[in-house]
Amino acid sequence: MFVRAIDREVLDLLLEMGRSSSPDEFIVMLGSEKGVITTVYPIAGTTVTSDSATIFMDMVPLGMQIAGTAHSHPNGALWPSDADLQTFAETGQCHIIVGDPFEADSWRCFDREGREKSLEVVSA
Ligand SMILES: [Zn+2]
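Structure, rendered in structure tokens:
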């Protein structure tokens, strides 16, 4: 299913997670229903350091509807690193980066190839 939108509460949660994790990164998986991202899945076995966050895909439960990933850039850069592009290509169609200062517009969404992707913000 084509992911076209994100629930405003999920976006607010991602920004809050970015704020509270800083100066470290966080990374989560995103679940969607009917093309709208509605769920955040913390991933067990995720390695998080101040400059990298890696998902071990083996840890993702079978049957999860994965829209993509979300992670933070405490340095405020709203574009993917080379490591991010590798992660993006592995799963999902929608990859959100939130960055310092983690305000309402401190985020962008990218597709698997790392191209910026528009995502509507909706209220469920
Ligand atoms: Zn990154």
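Anchor point for the sequence shown: position 62 equals 62 in UniProt numbering, and the numbering is continuous, going up by one each time.
The beta-carbon is built from N, C-alpha and C at its ideal position, and this holds for glycine as well.
Can you name the residues that DSSP bridges to residue i?
i	result
ASP105	The partner list for ASP105 (beta bridge, DSSP) is empty, contrary to what the question assumes.
ILE37	ILE6, SER32
ILE97	HIS71, ARG108
ILE66	GLY31
Does the beta-carbon distance from residue i to residue j come in below 7 Å?
i	j	result
LEU15	ALA67	no
GLU116	SER72	no
ASP82	THR38	no
Using C-beta distances below 8 Å, list every residue in its chain close to residue i, excluding the 5 sequence neighbours before and after it, in chain order.
i	result
ARG4	GLY35, VAL36, LEU119, GLU120
VAL122	ALA5, ILE6, ASP7, ARG8, VAL36
GLU103	LEU15
Comparing alpha-carbon positions, which option in the options lies nearest residue i?
i	options	result
SER22	ASN75, THR39, PHE110, ARG8	ASN75
ASP12	GLY92, ALA83, PRO101	PRO101
ILE27	TRP79, GLU9, ASP84	ASP84
LEU78	TYR41, ALA70, ILE97	ILE97
ALA124	GLU9, PHE2, GLY114	GLU9
MET17	GLN93, MET1, GLU113, TRP107	TRP107
MET1	GLU33, GLU113, ARG19	GLU33
GLY99	PRO80, VAL40, PRO42	PRO80
ALA112	GLU103, ASP105, GLN93, ALA104	Before going on, a small fix: residue 112 reads as Arg here, not Ala. Closest option to ARG112, Cα to Cα, is GLN93.
Give me, in chain order, the residues of the same chain whose beta-carbon lies closer than 6 Å to that of residue i; leave out the 5 immediate sequence neighbours on both sides.
i	result
HIS95	GLY68, THR69, PHE88, PHE110
LYS91	At residue 91 the sequence reads Thr, which differs from the Lys that was named. Taken in chain order, the residues that qualify are ILE66.
What residues in its chain sit with their C-beta under 7 Å from that of residue i, if we drop five residues either side in the sequence?
i	result
ARG19	PHE102
Near ligand 1, which residues have their beta-carbon closer than 5 Å to a heavy atom? SER81, ASP84
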